[in-house]
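In my numbering, the protein residues as written are 2 to 260.
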């Protein structure tokens with residue numbers, strides 16, 4: 002993990018505590034950055050019972066930036082997303098935004114006065130944009146967006162052997178498959194050319210996230226030349242704003258037809 006010199010100084014640390022760092026770093030546009038050294042510090046991720054304290058080696062660099070630290074710890078993507086994702090500061094408050102009591106969302110409890118009222122009214126005025134379940138999403142018109150699996154010609158078709166699932170996981174799979182079938186995001190086929198197992202990851206809230214093991218299919222598929230934006234681009238884009246929304250998208254990729 003990189004730590005900027007300005008932050009290093011604000012923490013009251015001394016340069017004599019730094020250990021030599023032999024390698025070089027590269028910033029935006031492949032600019033060479035010389036590290037001042039590194040220092041191990043105990044760092045806590047998360048809050049309350051979900052917190053975890055680790056000893057992290059911080060590489061100190063003397064450059065200017067719109068943000069104070071850039072995380073590049075080699076954690077698994079699922080672990081990083083589920084365990085160390087940012088959390089709203091302070092307590093949250095549940096508010097009803099739809100026509101029934103079960104259609105709610107959470108906002109910061111520390112919001113006061115006019116700002117709070119404007120936010121609640123804004124959410125209610127746009128309640129038709131919320132998806133309370135998969136079937137609420139209308140889908141995307143084929144003329145706007147459609148994804149095609151451009152598998153390499155001559156690729157070997159792979160049908161993975163079925164993996165046995167525990168009762169709890171099996172029930173979660175059945176519930177999520179039923180929801181996707183009901184929303185017409187997927188359909189049953191009798192003679193699959195490719196067959197992949199479902200992989201479930203338990204989220205911090207105790208629910209299951211269902212994924213698919215596309216390892217074999219990915220090997221037979223051209224690499225995407227248009228990847229998602231890098232984290233530094235996303236952080237730079239959010240700098241300078243006073244408020245950050247933690248509202249989560251409802252699996253929007255499910256609305257893009259694929260053939």
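The beta carbon of each residue, even a glycine, is placed where N, CA and C say it ideally should be.
Here residue 123 carries a helix assignment [DSSP, helix/strand/coil]. The beta carbon of residue 14 sits closer than 8 Å to those of 40, all from its chain and outside the five residues before and after it, given in chain order. Assignment of beta-bridge partners to residue 43 by DSSP yields 56.
A distance below 7 Å between beta-carbons, with the five flanking residues on each side excluded, links residue 142 to no residue of its chain.
Each residue's CA atom was taken as its position, placing residue 238 and residue 244 some 13 Å apart. For residue 97, the uninterrupted beta strand (DSSP E) run begins and ends at 93 to 97, by DSSP. For the set 167, 147 and 194, the Cα lying nearest the Cα of residue 159 is the one of 194. Cβ neighbours of residue 187 within its own chain (closer than 6 Å, five residues either side excluded): 181. Between the alpha carbons of residue 46 and residue 108 lies a gap of roughly 22 Å. When the five nearest sequence neighbours on each side are left out, the beta carbons in the same chain lying within less than 6 Å of the beta carbon of residue 147 are those of 258, in order along the chain. Taken in chain order, the complete beta strand (DSSP E) segments of 3 or more residues contained in the stretch 149 to 189 number zero; there are none. Per the coordinates, the alpha-carbon of residue 224 lies some 17 Å from the alpha-carbon of residue 157. Assigned with DSSP and collapsed to three states, residue 131 falls in coil, not helix or strand. Shown here, residue 199 sits in a strand according to DSSP, grouped into three states. With respect to residue 37, residue 18 sits apart: the two C-beta atoms are not nearer than 9 Å.
Boundaries for residue 213: no alpha helix (DSSP H) harbours it, while the beta strand (DSSP E) harbouring it runs 209 to 213, taken from the DSSP string. Looking at the DSSP output, residue 20 bridges to 39.
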